[in-house]
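Enquirer: Quick one: the structure is below, questions incoming.
Residue numbers (this note's numbering): 2 to 142.
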């Protein structure tokens, strides 16, 4: 099964010094590396934008941009955005709010029968309403 990778996973694997990762973060980076080797790691444009945002140094931005170019953006269509709005509405009706990008990830994953790999606890809330498949690291919450 393919796996849609959230911003926080890309960031810890590509933007943070390996020596400063916790055990759980190191495990997440290792799982990402395995997904990449297997050709199952998927990207969408809004995640690429989030990962590249906030980088002050041009050299670091260009290095990261080159690394991410190995992962083509999954094409998004009108139905993905409509489905994201439905996901948002379903969750809000249960008192759960989230970002537009989060709900776009949910919609893309649901529409393609993919899992989502994230450490963002908000996705646990979304999964209580939506039939999301979340990739879990053994021993994590």
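Glycine included, every Cβ here is placed at the ideal spot set by N, Cα and C.
#1: Using the C-alpha atoms, what's the distance from residue 51 back to residue 108?
#2: May I ask you to list the residues that DSSP assigns as paired with residue 74?
#3: Considering only DSSP beta bridges, list what residue 117 is partnered with.
#4: Give me the Cα-Cα distance between residue 85 and residue 106, rounded to the nearest whole angstrom.
#5: Would residue 15 pass as a contact of residue 26 if the rule is Cβ separation under 8 Å?
#6: Taking Cβ positions, are residue 6 and residue 118 nearer each other than 8 Å?
#7: Give a yes or no on contact between the region 64-79 and the region 87-103, applying the rule of three or more CB pairs nearer than 8 Å.
#8: By Cβ distance below 8 Å, which residues in the same chain neighbour residue 99 in space, the five residues on each side in sequence not counted?
#9: Of all the options 43, 58, 132, 83, which has the alpha carbon lying nearest to the alpha carbon of residue 10?
#10: Does the beta-carbon distance from residue 29 to residue 138 come in below 8 Å?
#11: Once the 5 residues before and after residue 76 are set aside, which same chain residues still bring their CB inside 8 Å of it?
Expert: On the basis of the coordinates in this document:
#1: By 1-based counting over the chain shown, the position of residue 108 is 107. By 1-based counting over the chain shown, the position of residue 51 is 50. Straight-line Cα distance between these residues: approximately 18 Å.
#2: Position 73 of the chain shown, counted from the start, is the residue given in the question as residue 74. For residue 74, which the question treats as bridged, DSSP gives the partners 44.
#3: As a first step, residue 117 is located in the chain shown; it is residue number 116 there, counting from the start. DSSP, once it has assigned bridges, lists 5, 135 as partnering residue 117.
#4: Along the chain shown, one-based indexing puts residue 85 at 84. Along the chain shown, one-based indexing puts residue 106 at 105. In a straight line, the C-alpha of residue 85 is about 8 Å away from that of residue 106.
#5: By one-based count along the chain shown, residue 15 stands at place 14. By one-based count along the chain shown, residue 26 stands at place 25. It is not a contact, given that the beta carbons lie outside the stated cut-off.
#6: Within the chain shown, numbered from 1, the residue matching residue 6 stands at position 5. Within the chain shown, numbered from 1, the residue matching residue 118 stands at position 117. For residue 6 and residue 118, yes; Cβs fall inside 8 Å.
#7: no
#8: As a working mapping, residue 99 is identified with position 98 in the chain shown. Hits under 8 Å: 89, 92, 123, 126, 127.
#9: Position 9 of the chain shown holds residue 10. Taking only the C-alpha atoms, the option nearest residue 10 is 43.
#10: Taking the chain shown and counting its residues from 1, one reaches residue 29 at position 28. Taking the chain shown and counting its residues from 1, one reaches residue 138 at position 137. Going by C-beta atoms, residue 29 is nearer than 8 Å to residue 138.
#11: Residue numbering aside, residue 76 sits at position 75 when the chain shown is read from its first letter. Hits under 8 Å: none found.
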